[in-house]
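Have a look at the structure below before the remarks.
In the numbering used here, the protein residues as written are -16 to 255.
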């Protein structure tokens, strides 16, 4: 197995100097309209992060050149609304990694508890977007390490890093060649005749939860190794969910069961 954890030193994030956001009127007006709005959105993001009066003054100067609206404060809602207006007019996709960090989240400096002894196995997933989303869910729910099949884009993939919203560097990730090396028992998410409804299953303290390919599901090899196969009961026409969404539902159920068990055990101790 290969263990790779990303750190700030290798994330290649470069802080821009404030001078990178300053333009002369002549220079700025050589940009296309979409480029102008893109520059404005980048400028507002920097203003939001650093509360720079100098940059705010320059933004208002640019708005006078463009015939736009001025901003008179660092109020988060005002800056956010202006930011997303420019983002839309720049024709950039309003994906989550483009959101203003402090508006999007109120992250803790440290997790509230140690990771649970619960592993995740990604069996030949193809979408780096799905993988990044899964890593974010793993970190958010405090699950354990993540194992990648050799065909699955790894945690150092640029799109995985971006979609994980920075959580990929906080999750222990391994490449694994042999399914038999995964921590036991092996619980697989798949829709088949042998599947047990998710909410009817009592998860053990330690296990690996495996999810399969977006198109054809779990491999035959994985299903043969499975100790238990689970499915999420659905009531609509579709027979399946997006793999990242399905994983998030399973993760929530796992943590809910864990919390309930811990509360019951604590209550029994108090009654003794």
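All C-beta atoms in this analysis are idealised placements derived from N, C-alpha and C, irrespective of residue type, glycine included.
CB contact flag (residue i, residue j, <9 Å)
i: residue 6; j: residue 41; result: yes
i: residue 143; j: residue 118; result: yes
i: residue 169; j: residue 205; result: yes
i: residue 230; j: residue 172; result: yes
i: residue 17; j: residue 73; result: yes
i: residue 31; j: residue 59; result: yes
i: residue 212; j: residue 177; result: yes
i: residue 248; j: residue 165; result: no
Contacts around residue i, its chain only, beta-carbon distance under 6 Å, and the 5 residues preceding and following it disregarded
i: residue 195; result: 106, 201
i: residue 234; result: 120, 124
i: residue 23; result: 69
i: residue 246; result: none
i: residue 104; result: 130, 165, 191, 193
i: residue 232; result: 215
7 Å CB neighbourhood of residue i in its chain, flanking five on each side removed
i: residue 27; result: 42, 62, 65, 66, 69
i: residue 112; result: 142, 146
i: residue 96; result: 125
i: residue 223; result: 174
Between the CA atoms of residue j and residue i - distance to the nearest angstrom
i: residue 100; j: residue 9; result: 59 Å
i: residue 163; j: residue 208; result: 7 Å
i: residue 190; j: residue 237; result: 11 Å
i: residue 139; j: residue 46; result: 39 Å
i: residue 122; j: residue 136; result: 18 Å
i: residue 203; j: residue 167; result: 18 Å
i: residue 227; j: residue 193; result: 12 Å
i: residue 239; j: residue 50; result: 53 Å
i: residue 25; j: residue 241; result: 43 Å
i: residue 155; j: residue 210; result: 24 Å
i: residue 71; j: residue 33; result: 23 Å
i: residue 20; j: residue 115; result: 28 Å
Same chain only: Cβ atoms within 8 Å of residue i, ignoring 5 sequence neighbours per side
i: residue 197; result: 108, 109, 110, 113, 225, 226
i: residue 48; result: 8, 11, 12
i: residue 39; result: 30, 54, 57
Any non-hydrogen atom of the ligand SAM within 8 Å of residue i CB
i: residue 59; result: Within the structure as shown, the ligand SAM is missing, as the structure has no ligands at all.
>> Can you confirm whether the segment 179 to 193 touches the segment 216 to 234 when touching is taken to mean that 3 or more C-beta pairs between the two stretches lie within less than 8 Å?
In response: yes
> Of all the beta strand (DSSP E) runs that stay within the bounds of the segment 94 to 169, which reach a length of 3 or more residues?
Replying inline: 101 to 105, 129 to 131, 156 to 158
>> Can you confirm whether the segment 149 to 159 touches the segment 119 to 134 when touching is taken to mean that 3 or more C-beta pairs between the two stretches lie within less than 8 Å?
In response: yes
> What beta strand (DSSP E) runs, 3 residues minimum, are completely inside the segment 211 to 244?
Replying inline: 211 to 214
> Hey, which unbroken runs of the alpha helix (DSSP H) at 4 residues or more fall wholly within the segment 28 to 59?
Replying inline: 36 to 49
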